[in-house]
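Asker:
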Amino acid sequence: MKTSLPRATLVVALALSLLAPVLAAVDKAPPQIVEGAKTVSVEEAKAMLDVGVPFIDVRNRRFYARRHVPGAHHLDLKGAFTEEALSAIVAKDQPLVLYCSGVKCSRSSRASAKAVSWGFTKVHYFRGGIADWRVAGMPLESSE
Numbered sequence: 003m004k005t006s007l008p009r010a011t012l013v014v015a016l017a018l019s020l021l022a023p024v025l026a027a028v029d030k031a032p033p034q035i036v037e038g039a040k041t042v043s044v045e046e047a048k049a050m051l052d053v054g055v056p057f058i059d060v061r062n063r064r065f066y067a068r069r070h071v072p073g074a075h076h077l078d079l080k081g082a083f084t085e086e087a088l089s090a091i092v093a094k095d096q097p098l099v100l101y102c103s104g105v106k107c108s109r110s111s112r113a114s115a116k117a118v119s120w121g122f123t124k125v126h127y128f129r130g131g132i133a134d135w136r137v138a139g140m141p142l143e144s145s146e
């Protein structure tokens, strides 16, 4: 009698290989909170912009040039985002807002964790990023 176990194993293996990219994307989704930082909504972020809190855009140069929060400083997470560069913009005991592209981007969560580890005490993690900012109809600047 022939068994279908090898065929079932093949089907399961194929299904897992097709799901692997989806599962990997789920694992890379940015967290809701970053320990030591305060997650803020678009309304809270706008209120902070209105009182002059520095915004740090950690996306790549091309995305920053296309559109960014007015007056935002650009420190690409992959290279320019260092303790020294951040300290040149804001003191460790002053508030700052970190953002990237939105909930499908993990740069701002990673930048927030780094800032906290460097001793910045008033880190605001704007998880919704530029995507939520745009949807809410908030002002944007372009460097292009």
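Numbering (this note's numbering), first residue to last: 3 to 146.
Backbone N, C-alpha and C define an ideal beta-carbon position, used for all residues, glycine too.
(1) Straight-line CA distance for Val-53 to His-76?
(2) Are the CB atoms of Val-44 and Gly-130 nearer to each other than 7 angstroms?
(3) Alpha carbon to alpha carbon, what distance is there between Tyr-127 and Tyr-101?
(4) Is the beta carbon of Ala-117 closer than 7 angstroms to that of Val-125?
(5) Just grab the DSSP bridge partners of Tyr-127 for me.
(6) So, is Ile-35 buried or exposed, given that buried needs 16 or more other C-beta atoms within 10 angstroms?
(7) Determine the burial state of Arg-61: buried for a count of at least 16 other Cβ atoms within 10 Å of its Cβ, exposed for fewer.
(8) Please state if the CB of Ser-114 and the CB of Ala-49 are separated by a distance shorter than 7 angstroms.
Answerer: The relevant details are as follows:
(1) 19 angstroms
(2) yes
(3) Spanning the two alpha carbons is a distance of roughly 7 angstroms.
(4) yes
(5) Partner residues in the beta bridge of Tyr-127, as assigned by DSSP, are Thr-41, Leu-100.
(6) exposed
(7) buried
(8) no
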